[in-house]
Amino acid sequence: MSGELAPGERLNELALAARLGVSRGPLREAMRGLQQEGLVAGDAGQRGMSVRRLDATELAELYDARALLQGFTCALAARRATPAQQRDLEARLTALEDALRGGDTAAYYRLNLEFHEAMLQAAAHQRGAAMYRALLKESHPLRRTMLETPENRDASHLEHRQMVEAIRSGDAEAARRAGEAHVLSGKARWLRTLSG
1 MSGELAPGER LNELALAARL GVSRGPLREA MRGLQQEGLV AGDAGQRGMS
51 VRRLDATELA ELYDARALLQ GFTCALAARR ATPAQQRDLE ARLTALEDAL
101 RGGDTAAYYR LNLEFHEAML QAAAHQRGAA MYRALLKESH PLRRTMLETP
151 ENRDASHLEH RQMVEAIRSG DAEAARRAGE AHVLSGKARW LRTLSG
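Per UniProt numbering, the sequence shown runs over residues 1 to 196.
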């Protein structure tokens with residue numbers, strides 16, 4: 001999920017076992033778990049595993065599903081967020097702004113993930129949060145790439161601000177729209193990279 005291994009990269013079982021200091025049995029079990037989570041894929045004929053590479057249709061579907069869940073959790077956060085959680089979201093926006101001003105892409109991505117996690121906490125809906133996290137795991141490589149562009153980070157941050165303002169005002173419908181728009185705007189930015 002850190003991007004250290006690129007989509008499509010083959011996973012050498014012996015090298016990974018040596019690098020991690022584990023035997024091949026536990027490594028294989030972990031690989032099966034990663035395969036169930038959609039993060040690695042097995043080759044035809046069971047010739048090994050590789051980091052899963054998603055096609056454009058799968059990525060588009062991930063955006064669509066995330067948009068629905070983002071809208072849903074934002075609406076819940078507008079209804080349920082405590083004053084302390086609202087202040088926390090504001091503080092996280094400030095930290096994101098600092099990363100933007102500093103041009104620190106890695107920090108911005110990490111803080112972005114933490115910001116979205118705080119929104120899930122404010123929504124207080126365990127099943128929705130679990131589904132969102134599962135979708136997020138699959139989309140990490142693309143999201144990281146998309147947020148490397150300063151224009152995309154700026155646009156994403158403005159959308160974060162709109163979500164927090166709607167949550168703070170307690171307007172569940174505005175929060176739902178802002179949450180969905182945030183993810184669908186990210187999808188539109190990605191689609192422009194495909195046609196450009």
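We put the CB at the ideal spot given by N, CA and C, even for glycine.
Exercise. Are the CB atoms of R19 and G48 nearer to each other than 8 Å?
Worked result: No; because the gap between Cβ atoms is not below 8 Å, this pair is not in contact.
For this session: Would you mind reading off the limits of the alpha helix (DSSP H) that contains S169?
Result: Membership of S169 in the alpha helix (DSSP H) is indicated by the continuous run P150 to S169.
Exercise. CA-CA distance, A172 and E165?
Worked result: Roughly 11 Å between the two C-alpha positions.
For this session: Run the CB neighbour count on R143, radius 10 Å, all protein chains shown included, and call it buried at 16 or more, exposed below.
Result: R143 comes out buried.
Exercise. When burial is assigned at 16 or more other CB atoms within 10 Å of the CB, is G179 buried or exposed?
Worked result: Here G179 is buried: its Cβ has 16 or more other Cβ atoms, across all protein chains shown, within 10 Å.
For this session: Below 8 Å CB to CB, which residues in the same chain sit around V40 once its five sequence neighbours on both sides are set aside?
Result: A distance below 8 Å between beta-carbons, with the five flanking residues on each side excluded, links V40 to the following residues of its chain, in chain order: L11, M31, L34, M49, S50, V51 and R52.
Exercise. Of the choices G102, R92, A106 and D98, whose alpha-carbon is the least far from that of E117?
Worked result: Looking at the Cα atoms, R92 is the closest of the given residues.
For this session: Would you tell me roughly how many angstroms separate the C-alpha atoms of residue 244 and T94, rounded to the nearest one?
Result: With the chain running from 1 to 196 in the structure shown, residue 244 is simply not present.
Problem set entry | Inter-residue Cα distance where the pair is A44 and G8 | Residue placement at A44 cannot be trusted, given a pLDDT of 44 that sits under 50; what the coordinates show is reported in the next sentence. C-alpha of A44 to C-alpha of G8: approximately 14 Å in a straight line.
Problem set entry | Beta-carbon contacts of residue 202 that lie in its chain and below 8 Å, excluding the five residues immediately before and after | The chain is shown from 1 up to 196; residue 202 falls before or after that span and cannot be answered.
Problem set entry | Proximity test, E148 beta-carbon vs the ligand NAP heavy atom, cut-off 7 Å | The ligand content of the structure shown is nil, which means the ligand NAP is not present either.
Exercise. Mapping DSSP to helix, strand and coil, what is G45?
Worked result: For G45, the predicted model reports a pLDDT of 44, less than 50, meaning its position is unreliable; a value from the coordinates is still stated below. Residue state, collapsed to three classes: coil.
Exercise. What's the call for P83, buried or exposed, on a 16-neighbour Cβ count within 10 Å?
Worked result: That one is exposed.
For this session: Counting only the same chain and skipping the five closest in sequence on each side, list residues whose C-beta sits under 8 Å from that of R155.
Result: Per the sequence shown, the amino acid found at residue 155 is Ala instead of Arg. Result list for A155: S185 and R189, in chain order.
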